[in-house]
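Have a look at the structure below, then the notes.
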Amino acid sequence: MRWLQRFEPPIYAVLRVVAGLLFACHGAQKLFGIPGGHGGGGGLPPLMLVGSWIELAGGLLIAFGMFAAIAAFIASGEMAVAYFMAHAPHGPWPIVNKGELAVLYCFVFLYIAAHGTGPYGLDALLAKRAGGRR
Numbered sequence: 006m007r008w009l010q011r012f013e014p015p016i017y018a019v020l021r022v023v024a025g026l027l028f029a030c031h032g033a034q035k036l037f038g039i040p041g042g043h044g045g046g047g048g049l050p051p052l053m054l055v056g057s058w059i060e061l062a063g064g065l066l067i068a069f070g071m072f073a074a075i076a077a078f079i080a081s082g083e084m085a086v087a088y089f090m091a092h093a094p095h096g097p098w099p100i101v102n103k104g105e106l107a108v109l110y111c112f113v114f115l116y117i118a119a120h121g122t123g124p125y126g127l128d129a130l131l132a133k134r135a136g137g138r139r
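Next comes the structure, spelled out in C-alpha cells:
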C-alpha cells in the first residue's frame, strides 16, 4: 500500500495522540479514579504512584507532541519495568500473563522515542515560530 506513504506524517501524529491519551487515562484512573477507576493515588505504593504520574504526564506530553521523544523513552522504560515486575512472574507469554498491553505500549513508545514528535505537535510548532523570529 505505497499510496499510504504520502499520509505517513498525519497517520503518525494520530498514532502518537491516541497512544498518549490512552496512556494518560491509565495514570488518571490510578491517581484520581477517572475514568472509572479506584483513584485517590494516596493509597498507591510509591513505585506505582511514580508510574501513575509518568503515565499521566508522559501520556499528555506524548499526545501534545511536547518533548515527546523524552517522554516516550521514559514511558517505554516504565512499561518494560511494569511488564517484568507485574506480568512476567505469571508466565513467559504476554497473552497468558495479561501483559500484552504493557509490551505494546513499551514498543510503540520506543518507536515514538526514536522518531520524535514529527511535524504535527507542539515541538514542531514552537520550532517553526522560533525559526520565524530570526
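For the sequence shown, position 23 (counting from the first letter as 1) is numbered 28 according to this note's numbering, and the numbering increases by one without interruption. The beta-carbon is built from N, C-alpha and C at its ideal position, and this holds for glycine as well.
| Query | Result |
| --- | --- |
| Using only alpha-carbon positions, find the residue among R134, A87, H31 and G25 that is nearest to G70. | G25 |
| Which first and last residues belong to the alpha helix (DSSP H) in which W58 is found? | P51 to W58 |
| Whose C-alpha, out of G104, K133 and A77, is nearest the C-alpha of M90? | G104 |
| Under DSSP, the alpha helix (DSSP H) around Q34 begins and ends at which residues? | E13 to F37 |
| Please tell me whether A29 and A68 are closer than 8 Å, where the distance is taken between their beta carbons. | yes |
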